[in-house]
Structure formats: C-alpha cells, structure tokens
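See structure below.
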Amino acid sequence: MDSDNCLTCDQASEKFYSISNADIESKPNISLIMRQHFWFQEDELRSAIICESCWQNVDQFHRFYEDVRKLHKQRMESKPLAVFFKQEEETVAEEQLFLDSFLDADEIVECKIEDKTNSNATKTKKLRKASKRSSTDEPKAVPKRIKIPLEQEQAEDDFIKRHTSYVCETCSEQFDDFNTIRKHTTKAHDKPYIMCCNKKFRTRSILYQHVQTVFNPDSFKCEICGKTFKGQSIYDRHKENSHSDEHLLVFKCHRCPKAFTKQKILDHHIAGHETFDNEEAKCDECGKCFRTQVTLKIHIDTVHRKTINFVCEYCSKGFNRQADLMDHRKTHELTADQMKKQCPICNKLVKNSRYFQRHIDRHQTEGSHKCDHCSHVSNNLLALKEHVEKRHSSKVKMYPCNQCGQEFKRLVRLKEHISTAHTGEPLYQCPFCERTFFSNVTMYVHKKKDHPQEWLEDRNAKYAKTEQDG
Numbered sequence: 001m002d003s004d005n006c007l008t009c010d011q012a013s014e015k016f017y018s019i020s021n022a023d024i025e026s027k028p029n030i031s032l033i034m035r036q037h038f039w040f041q042e043d044e045l046r047s048a049i050i051c052e053s054c055w056q057n058v059d060q061f062h063r064f065y066e067d068v069r070k071l072h073k074q075r076m077e078s079k080p081l082a083v084f085f086k087q088e089e090e091t092v093a094e095e096q097l098f099l100d101s102f103l104d105a106d107e108i109v110e111c112k113i114e115d116k117t118n119s120n121a122t123k124t125k126k127l128r129k130a131s132k133r134s135s136t137d138e139p140k141a142v143p144k145r146i147k148i149p150l151e152q153e154q155a156e157d158d159f160i161k162r163h164t165s166y167v168c169e170t171c172s173e174q175f176d177d178f179n180t181i182r183k184h185t186t187k188a189h190d191k192p193y194i195m196c197c198n199k200k201f202r203t204r205s206i207l208y209q210h211v212q213t214v215f216n217p218d219s220f221k222c223e224i225c226g227k228t229f230k231g232q233s234i235y236d237r238h239k240e241n242s243h244s245d246e247h248l249l250v251f252k253c254h255r256c257p258k259a260f261t262k263q264k265i266l267d268h269h270i271a272g273h274e275t276f277d278n279e280e281a282k283c284d285e286c287g288k289c290f291r292t293q294v295t296l297k298i299h300i301d302t303v304h305r306k307t308i309n310f311v312c313e314y315c316s317k318g319f320n321r322q323a324d325l326m327d328h329r330k331t332h333e334l335t336a337d338q339m340k341k342q343c344p345i346c347n348k349l350v351k352n353s354r355y356f357q358r359h360i361d362r363h364q365t366e367g368s369h370k371c372d373h374c375s376h377v378s379n380n381l382l383a384l385k386e387h388v389e390k391r392h393s394s395k396v397k398m399y400p401c402n403q404c405g406q407e408f409k410r411l412v413r414l415k416e417h418i419s420t421a422h423t424g425e426p427l428y429q430c431p432f433c434e435r436t437f438f439s440n441v442t443m444y445v446h447k448k449k450d451h452p453q454e455w456l457e458d459r460n461a462k463y464a465k466t467e468q469d470g
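Using UniProt numbering, read the sequence shown as starting at 1 and increasing by one per residue.
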C-alpha cells in the first residue's frame, strides 16, 4: 500500500491523523487502538496515517467494543457466562468485512444494548457514519458470507502450521486447528484472537494471508504497477481503483483526463485539484504546493526536518518512510540491471520501481494539453503543470541577489549569477577533464560535445536508457 494514503482505505485525504502520535492532545492512543482491533505491528504504524473518516469509524467501533466488554465483564462477575461458537463460515475475514462495510457505508445502523442491571438504561451506538440520502435511494445490500469447505479449512490450517503452531501463548496448550484454539483463548483467557509475529489474528483467512506473505512477500503484488499489499481485500481494492477496465471508469474528472470507478474516489481527486489551486497545502519553508496535507507533511519531514524513522541495516542511511527504506534496500540486494523495469506500453527500460510508476502515470495522461495562458502545448499533465508554474504563476517564490537586487525563479540560477557576475569563482568542473564552468548548462553541452562516449555511458547508467522523468 502507498504510505502517502490512509492505512485503512488506501485513499488520499484532506484531513488525517498520524497513527503513531495523535495530532491533538485530546485524541486517544490511536496506535494502541489500531493494534487492538487489527493485525498491524507497532513499527508498521510508526509512519502511517489514518484519514478522519476512517478514524471516526474505528473510534465508534472501539467505543462500542468497550461498552460491550464492560457490560459482559459485569455479567461475568455476577454470574458465569457460557460461551458458544458457531462453526466458522468465512471467505472474507471479519476485519475485512468491517473495513469494507465502513468504507462503503451510507446509512445509520443503531445497535441497542439493554443493561439488565438497570432496565431503564438503554445504550445506543451508531456504528456507521451517516451521509445524507434521499428517500428514493435503495438501501445497500449486506455482503453475504460464503461457507468455506472443510477441506479448504484443513488445507489452510496445514499451511499456517508450516509457519506457526497452534499453541496458546498463555497456558501453552496445543490445538489442531484455528477454530479450536480461538474458542479456547476466548473462553479461557478472554482473548478472541491468536498471536503470530506479534500481530493479533481473529480469523483464519487473515492469518492465512499473513503466512502467505511470510513465505512469499509478493503474494499480493500488483502485476501492473508492482505495488505489494498485505491482504487480498486491499489488493482487490487497489486493482479496482487504479487499474480498472475503461468501461468501468464512469466517473470522469472535469479538470483532467483521469476517470475513476467510484464517485468518492473522484471526490478525493477533485479535492486535490482544489487544494493545490488554493495553496491550502503549501510549504512555509520553500513555497512548494501539494495536493494533500499528507504529502505536505511527508515533504516537510523528509526534506526540511529530515526526520529519521528507519535505518538501513547495510549502510546506516536514515529514512523518514518505510517505503523509502524498502526502495533503498534493493540497491544493496539487487544489481542495477535487476532493478530495471520494462514499460508494457512503450517497452522502455526504467531505472527502478519509483521511476516506473511515474512513467506509467505519464502514459495515462498522454495527449495534447494546451496552456490556458499562451500557445504552449505539453505532452502530459505534469509537464503542463510545470510550465504554468514557471511561466505564468505570480506566486512563485523569487530569489533576489543580495549584491545587485536581480531576482531569479530558481535558486540554482541565483547561485550561477553570483558566480558569474560577482565572485568569479566557477561552480562546476567537468568529471572527464579539468575544465571548469559557471553554468551547469554550459558544462552539459561541453560533455556532450567533447566527451560523447563518456557522456552516453554516464547517461545510460544514471537514467537506465530513458529520461529521468520515466
């Protein structure tokens, strides 16, 4: 999953919370709650975020869970409570059903719990956030559970036991299958889950998927863009949102050629346009604008604060995000040729996965994009955006020379100006000879003209026989 997006719904959002440390003091320990009800580990949550909508759903469920837990605890203290389990029927795990139902929920569902210790007291919890709906809208169908054959359950249990045995971590009693150990941990220890790799698993299907990724980290890898996921449900949602067939992309953006399968995804996308246009996610230090507050926060932590949350075990280089660490680690484990990826559209070789995704994104917005301010035509949206920012934006930060007052749009141009007009000290030296230069452009022309073979080899090694823009 992309770490720039919400951990639970994998979507970008204007409003979000950092899971590892709540953004406001009154917020509860989000990391603790997420680990209590989901299968995430603490290190996975360190740099993750959750959007406001998903957090409201999780928080409501957590409050409901606490009310039910306290109620049953009171009953248990006054009278033993028998625990019964129905034979497990699942293909979609409970956690996945919980997430999917919340992500698509558009109605209020109330759950009333009668407290027998006080017959007049009735607790009501809204489990799903309501959105306005007209009286003519049809209610959404509840997903049906499909019974898993016993043979499949046995096969999944056998596969899981190749990685971990069904042993109760509290009393060390051993069991043959997931159902029996979960019944035991719930009834004997009030723990309706089993532990594996320091994660909690409440259903066999989620544990089975976890073990699949242990044996093969690419079990849920997108064959189109190369992203990997921790489970089937998030993988399927990614394929639907990012790589759907053209006839399913019915919700089209009026600002750009992109189209989506759901209205809510289009709404997120359009919100990004508006955030960028209104400079609502603008860096105070360098003036750069972003489409979401999430990407702004990552930019500040990575570029300006240089926050280190992860360290490479090979070279001790620090990174802000785990995704960046994983990309870097490949440079130690793979050769340059092994890291290259070939574009299925134009057959170009791209340097690595990051440039590959950027390259694919540009294919998706290819075409003639005319500037509204002049006659310039760009071949993709990103190039048009860069053109508008450089040529027509009145809000571009200027860099003035402290000696003559001349202003420049780029810091490098200011440095080259000072070198040429004031100090007389060259900034660049050719890597292939002793010549020095005041301008990087001049040095580039020199290398290409006077050292063509060396220049070509250097270019191929750096950009993997394609442009850096991938």
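Glycine is no exception: its CB is placed at the ideal position from the N, C-alpha and C atoms. These numbers come from a predicted model, not from an experiment.
Whether residue i touches residue j by CB criterion (8 Å)
i           : j       : result
Arg-37      : His-72  : According to the sequence as given, residue 37 is His; it is not Arg. It is not a contact, given that the beta carbons lie outside the stated cut-off.
Gln-342     : Leu-334 : no
Phe-220     : Tyr-235 : yes
Tyr-399     : Glu-386 : no
Cys-6       : Ile-33  : no
Tyr-355     : His-332 : no
residue 483 : Lys-317 : In the structure as shown, the chain starts at 1 and stops at 470, and residue 483 therefore has no counterpart that could be examined.
Ile-270     : Arg-291 : no
Trp-39      : Phe-276 : no
Phe-178     : Asp-158 : no
Pro-217     : Thr-203 : no
Cys-196     : His-184 : no
C-alpha distance - residue i paired with residue j, whole-angstrom precision
i       : j       : result
Lys-252 : Leu-266 : 7 Å
His-247 : Phe-432 : 53 Å
Gln-429 : Arg-435 : 6 Å
Cys-404 : Val-294 : 39 Å
Ile-30  : Ile-19  : 5 Å
Glu-285 : Leu-296 : 11 Å
Glu-110 : Glu-66  : Since pLDDT at Glu-110 reaches only 34, below the 50 mark, its modelled position is unreliable, and the value read off the structure follows with that caveat. Distance between the alpha carbons of Glu-110 and Glu-66: 16 Å.
Ser-419 : Val-412 : 11 Å
Ile-206 : Thr-442 : 58 Å
Ala-48  : Arg-162 : 30 Å
Met-326 : Asn-198 : 21 Å
Glu-114 : Gln-11  : The pLDDT assigned to Glu-114 is 40, lower than 50, so where the model puts this residue is not dependable; a value taken from the coordinates is nonetheless given after this. Rounded to the nearest angstrom, the two C-alpha atoms are 37 Å apart.
Ala-323 : Asp-190 : 36 Å
Asp-301 : Lys-264 : 29 Å
Asp-59  : Cys-9   : 15 Å
Arg-182 : Asp-176 : 11 Å
Arg-321 : Arg-305 : 13 Å
Pro-192 : His-210 : 18 Å
Arg-459 : Lys-449 : 14 Å
Arg-358 : Lys-70  : 50 Å
Gly-287 : Pro-257 : 27 Å
Asp-372 : His-392 : 10 Å
Val-250 : Ala-259 : 7 Å
Ile-24  : Val-303 : Note that Ile-24 has pLDDT 43, beneath the 50 cutoff, so the model's placement of it is unreliable and no number is given.
Lys-230 : His-268 : 23 Å
Lys-147 : Arg-362 : 43 Å
Trp-455 : Ala-336 : 18 Å
Lys-187 : Cys-54  : 31 Å
Gln-56  : Cys-374 : 46 Å
Glu-223 : Phe-215 : 18 Å
Residues bridged to residue i (per DSSP)
i       : result
Phe-251 : Phe-260
Cys-196 : Lys-199
Thr-164 : Thr-164 pairs with nothing; no bridge assigned.
Lys-221 : Thr-228
Tyr-428 : Phe-437
Tyr-399 : Phe-408
Ser-18  : Ile-49
Cys-289 : Lys-282
Cys-6   : Ile-49
Near the ligand GTP: residue i beta-carbon under 7 Å from a heavy atom
i       : result
Phe-178 : As far as ligands go, the structure on display features none, and thus does not contain the ligand GTP.
CB-CB length for residue i against residue j, believed under 8 Å
i       : j       : result
Asp-452 : Phe-438 : Per the sequence presented here, residue 452 reads as Pro, with Asp not at that position. That belief does not hold up - the Cβ atoms of Pro-452 and Phe-438 are roughly 23 Å apart, past 8 Å.
Ile-360 : Cys-225 : 6 Å
Gln-154 : Ser-165 : About 16 Å; that fails the 8 Å criterion.
Cys-401 : Leu-414 : 6 Å
Lys-409 : Lys-390 : 7 Å
Lys-330 : Lys-340 : 11 Å between Cβ atoms; not a contact.
Val-289 : Glu-274 : As written in the sequence, residue 289 is Cys, which differs from the Val given in the question. Contact doesn't hold; Cβ gap of about 12 Å is too wide.
Thr-213 : Glu-240 : Wrong, their Cβ atoms sit about 20 Å apart, outside the cutoff.
Glu-52  : Phe-16  : 7 Å
Asn-309 : Arg-35  : Actually they do not touch by this definition, with Cβ atoms about 17 Å apart.
Worksheet entry | Secondary structure, beta strand (DSSP E): runs of 3+ residues fully inside the segment 305-393 | Fully enclosed beta strand (DSSP E) runs of no fewer than 3 residues are not present anywhere in the segment 305-393.
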